[in-house]
Structure formats: structure tokens, C-alpha cells
């Protein structure tokens, strides 16, 4: 790791050290499809393991295409390097209980959310319109898995040397890399696969930046049920997000806020007296919480490993925890809060709850009724929401027993 | 890359010093004019050579940065006579006397004006890319001798590393590199035949014109009409070939003795060697007035120029 760092500084590892190196991936000649680059790599591979050279029109583009692949490597390496640096600075995120939460009352299929292989192939084709062929499901949800594989295999300099060697066989009409005993056919195939995946990885990363829909990215969302309050980052670590929710406001404050909100909602004559923006902000927070809880419930114990790490450090003091004697509305479920999630989402999904939340907000801010819902439904929703806040509080507390929140 | 010396050693196992210089010269020439069509089969060979050269430059950089401080003496500590011998035979063509005694100086000089990064992006990478697919934005400037300097520096680096290996105690067999072949003019045996063919084909004015080109590049710094780098490079090659050939003929006359008139004319060249001519002609280009920076030393070598002119003339006389 230290070696790699000094290498970068001294030996000009990065191919194009431009000022906007953080924009490297956007400067690569594809945004629409991965076809050109994947086809190029395929032809390059064919000419490397075969005796023929690349066809003449391809050779004319060879320099540019190889430059693109170098840039891709640079990008991947910068991302990977950042992760390594963060890791070396903070180490494994401290104070995370990796065994939590425990889902004991119901079982989830051990492979969930990953699709079965046959389903996955079909699904991948539908979601990514043929732009991804090699990335596995895990690698799509977390690039870091692929980056680690890529650079465990070879350092960035060695990858570039390898590609240069490939080029020398791509213009060679008599020899191939296997007969010249540079590497075995299996090795070359593995390298080829890695390069293909690199192209796809960059494509999906660009797509995410341009706002790929959740339902296209994660199999646990679909077109009728998707988050709107969460950004990609939140959806990728709901535990961290829940922790953040309880940083500034304690559980008791949150419950009081819900109380205030709903009293303004239920009483037609009463209008919200505080600052409207505060209420909207709280509404957003509740929406976010519901979405996070939904993902936690949906993935159960099979959540991705990355969720055990966090990158956010708070510099202000954390709101107080509730005492031992606090009376939870959850009652007996206090010890197994994750089971409440199952009850909460029994008849409704994210869309339904969003509708409810919105009506409550609308009614609280004006003299209007919550149109399609009855009083009982709103009362029930209030009760459920308070219990969900409690559950969320308990879940994040169990997840981060000794989390570090103050860093200089 | 953990052991740069090993990289250097492997390089010289793969290429002899003479061949390496020859390849380098050719690749620089390739970057001046599009001649890929005729050299399609050679492409991969040159490409791999340039890749290895890049590794070699990397290794040199590491050697320079982390050079062992204490002086190491290898098993072969060369005698002065031996070094003078290989220098005269043109195995070491461009190193100065000081660099021969302290080869690390050659490595230092290499990185004095250009960093490793600059060497790679401005020179080596362009050479390599042109081999893959020539295009005009990769070609070198045809109106400057900058590339000749780059070539000479890289050659010096090759020669320096070649000597350095033994300083650091690596056992490098020189005999293989010594295969009595010149990097520019080829095997001496072929050279005599080449000369007779050459003389029947072309008048001595042509050879003299080639030499005049070089002198012109040496003397005048602004007038490049009618001259371009590729032409100068060709002239350089021809002049070296002709002079090397005549020196070869003088030292080993094909038909016993030379006629007395020629013997008399050859007298001033008794002590001349291949290396001396190469050094002199290269020096003419290196001290050229085209460079405002870097090479400021300007020697007016009128007497030597005259001598070389006579040597070229002699080449045509002998064959008549």
C-alpha cells in the first residue's frame, strides 16, 4: 500500500494527470453504450491469442483505444486508492456490531437479494439493455468489490505493462502471446474478463451519476415500490442513515415532533404554527426513515458487507439516548425491534406510506382534510409511525454500540 | 523492478549493444517519415524493443535515485587499453572519456534536462505509438535536430548502463556484444563489397554533398530550406558508411598491397579508427548551431573537416 503510494508520486503511474482527474471517467469516449470498447477489447484479445494481427482499420484506432483503457485504469485506481487511504486513516469503522440486527422470527432465502443465475441473465438484459454482460450482481451494487479484485490481481503499472505487451502482439502477424510463453491461455482469458468488466464498471458508474433509477440498479426495488427521499448513498447504507437521524434529535424529541405534527393534521381548524420549512424537513426525515427501514426489512440478514462500514463522522455532540426506564410503545417487541418492520410493511409498501405522509403534511399546513383517508386510518398511522421510530432507534443503537462520532 | 540491475542485465541478454543502437536509430528515423508499409513484419520487433527500452529507462532512473553509495568493483575491472580498444572499435561510440571511467555520469546526464516523465511522454511513448500506427501528430519536428540529441543521449545511456553493469559486479560477457559489427555500417566484410557497389553507382560528389549537408547543419542555424532532419539523418548514415568502409579497406586491403599513390594519401589516417570518425561526425551534429540551448560549445574543426573530406575522396579513389 505504501509502496503503491510512493510509486504514484514518483513514477508517473497515472496516465493523464490532468487537473480534472476526478472527471476522468467522463472524458472517456463512451457515455451511451459500452459496445465500442467491449468490441475493441474482444478483437484485441482475439489477436493477442491468435497469430493474426488486428485488421488494419482497427490498428489505426489502436493508440486511441489503448489510451482510453489506460484512462479507465487510472479512474479505477484513483477510486480504489481513495478507499485504501480512507481505510488506512480510519481503519475498520469502529464500534459497529456486525451481527446486528438479528432477524430471528422469519427467514429469508439465503441468496436473497441476489437473483438465481438464470433469472439474473434475463433480468440483467432487461435492466441494462445489453450494456453489462460480465459484472456479477454483487459487483454492480458495489464497485469496490471489483476494484479490489482488479488490483489484487496486478498493480496498475503492471496492468499497463501487460496492455503494452498485448499491443505488441496485436500488431504481430506471426506470433501469439501463448506460444511466446508470456502467459498461459487461462491467464490471458482472465485478464480479458477483467478488462471487459472494467469497461462495464465505468459505464454503470457514469449511469449512476446521471441518476439511474433505483429499480434499475437494485433488485429489491421495482417500478411500484421505490425510494424517493433517499439518494443512492442512503439506499446503500440505511443503518448509517438511521444513525444520522438520531444524532441531532433524540428519540423523545422525535416522538414529540410526531405528536405536534399529527395534532395539527387531525384538527382541521388548526394550522401548523411553527416554521413550515421545519415541518417539511421533518416530513422528509420520516420518509427517509421509512425507506431505510424498508430496505433493512427487505434484505434481512443478507445485507451487503459494505453496510458494516461508515464514512460519515459527526463533529457535534450527539443527542442523548433515552434512559433505561423509557416506556416503549413497542412493548414486548422492544428486544426484537426488527420484527416490527415486518408488521409495519405487512399491507403497505413505500408508495402507500408516501401517500399517507404527504396527505398528513398537506393537512397540517392548511385547513384541509386528508382526503381519501379516515380519522381511524390516520390515528393508526400515527401509532405505527411512533412505533417505527422506536424500532429504528433500537436498531441503530444495537448496530452501533460504540460508534465514534467525534473526530478532529 | 525491485532490482533495476537485473532489468539492465536482462536487456543486454536480449539485445547486444550494437543491435540496440541500430534499433533505436531506426525507430527514431521511423518517426520522421511514414515508412510503415515496407516494415510491417518488423513492427512487433521494434515495438517490443521500445517497450524494453522504456523498462530500461525506468531502471536507470531507479539506479540513479537509489544508487549504491559505496564503490563496487566487479570481477572485471577494465584496463584503460581495453576501454580505449572498444571505444575505437565503435562499440562505445558517443560516451566521453570521463563518462567511460564513471558510467554513472552518463545516467546522470540523461536525466539532467528532462525528467523521467518527460522522456516517456515526449519521446519514448511517441516512438512506440508511431510503430503501432503512424500519424502526423506523432511525428517529430522535421526541421530540428532535437531528436538527434535525444537519440545520442539515449545511446549514451545504453552504453553507460552497459559499462555500469560490470562496475556493480554483474558478470556481463562482452564478447557477444563484440561481434565485429558496427551499429551503423554493419559487418566489415560486407562493407568492402558495399563500397565497391556504391562507388560504381554514385559519383564522389554525392558523398561529398552528404558530408556538406552535415557541415551545413553544423554551421548555420536558421537556413533549413532544402534540408530536413530525415535528409540529415540519411547523410549521417551514408557518411559513416563510406568512411567506415574506407578505413576498413585501408587496414585490410582486399588485394594484398595498395598502390603507392594511395598509400601516400592514406598516411594521415594511419591512426584513425571507426570510433573516431563516428564521434567526430556525431559531434558535428551535436554542436550544431540549430540548438540555442543545451549544446553551446562550438568548435570550428576546419582541419578535421578537411581530413574527412579527403577520406571520402579516398574511398572513391581506391575503388577506381
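Chains as they are written, first to last, in the numbering used here: chain A, 58 to 465; chain B, -10 to 309.
We put the CB at the ideal spot given by N, CA and C, even for glycine.
Quick caveat, the model's predicted, so the values are computed rather than measured.
Runs of the alpha helix (DSSP H) lying entirely within the segment 225 to 299 of chain A, each at least 4 residues long, are 242 to 266, 271 to 274 and 289 to 293 in chain order. Between residue 195 (chain B) and residue 233 (chain A), the alpha-carbon positions lie close to 45 Å from each other. Note on geometry: alpha-carbon atoms of residue 414 (chain A) and residue 340 (chain A) lie some 7 Å from one another. In this chain, the alpha helix (DSSP H) harbouring residue 138 (chain B) covers 135 to 156. Inter-residue distance for residue 49 (chain B) and residue 228 (chain A) is about 28 Å (C-alpha atoms, whole angstroms). When CB distances to chain B are screened at a threshold of 9 Å, the residues of the segment 217 to 246 of chain A falling below it are 218, 221, 222, 224, 225, 226, 227, 228, 229, 230, 231 and 232, in chain order. With a beta-carbon spacing of about 5 Å, residue 160 (chain A) and residue 358 (chain A) fall inside the 8 Å limit used to define contacts. Rounded to the nearest whole angstrom, the C-alpha separation of residue 116 (chain B) and residue 122 (chain A) is 17 Å.
Minimum Cα-Cα distance from residue 230 (chain A) among the listed residues B:22, B:102 and B:34 corresponds to B:34. In the same chain as residue 219 (chain A), and ignoring 5 residues on each side of it, the C-beta atoms closer than 8 Å to its own belong to 211 and 248, in chain order. Beta-bridge analysis with DSSP links residue 171 (chain B) to B:175. Residue 30 (chain B) belongs to the set of residues whose beta carbon lies under 8 Å from a beta carbon in chain A. Here DSSP, grouped into helix, strand and coil, assigns residue 89 (chain A) to coil. For residue 192 (chain B), the three-state secondary structure derived from DSSP is coil. At a cut-off of 8 Å between beta-carbon atoms, residue 33 (chain B) makes contact with chain A. A buried status is given to residue 253 (chain A), since no fewer than 16 other beta-carbon atoms sit within 10 Å of its beta-carbon. Annotated three-state conformation of residue 22 (chain B) is coil, per DSSP. Nearest CB-CB separation between residue 178 (chain A) and chain B: not below the 8 Å threshold. For residue 122 (chain B), the nearest beta carbon of chain A is closer than 8 Å to its own beta carbon. Not flagged as an interface residue toward chain B: residue 106 (chain A), since no C-beta distance is shorter than 8 Å. Per DSSP, reduced to three states, the secondary structure at residue 331 (chain A) is coil, with no helix or strand assignment. In this structure the segment 130 to 147 of chain A lies against the segment 198 to 206 of chain A, because at least three pairs of beta carbons, one per stretch, are closer than 8 Å. In the displayed model, residue 204 (chain A) falls within a helix according to three-state DSSP. The C-beta of residue 117 (chain A) comes closer than 8 Å to at least one C-beta of chain B.
Straight-line spacing of the CA atoms in residue 307 (chain B) and residue 69 (chain B) works out to 34 Å. In this chain, the alpha helix (DSSP H) harbouring residue 412 (chain A) covers 407 to 422. Note on geometry: alpha-carbon atoms of residue 378 (chain A) and residue 450 (chain A) lie some 9 Å from one another. When Cβ-Cβ separations below 8 Å define contact, residue 53 (chain B) makes no contact with chain A. Using beta-carbon distances, residue 40 (chain B) counts as an interface residue toward chain A, with a partner under 8 Å. In the three-state reduction of the DSSP assignment, residue 386 (chain A) falls in the coil class. DSSP places residue 173 (chain A) in the coil class of the three-state scheme, outside both helix and strand. Residue 95 (chain A) counts as buried, since no fewer than 16 other beta carbons sit within 10 angstroms of its beta carbon. For residue 335 (chain A), the closest C-alpha among the options A:315, A:350 and A:347 is that of A:315.
In chain order, 109 and 113 place their CB closer than 7 Å to the CB of residue 43 (chain B), counting only its own chain and leaving out the 5 sequence neighbours on each side. The Cβ atoms of residue 271 (chain B) and residue 133 (chain B) lie no closer than 8 Å to each other.
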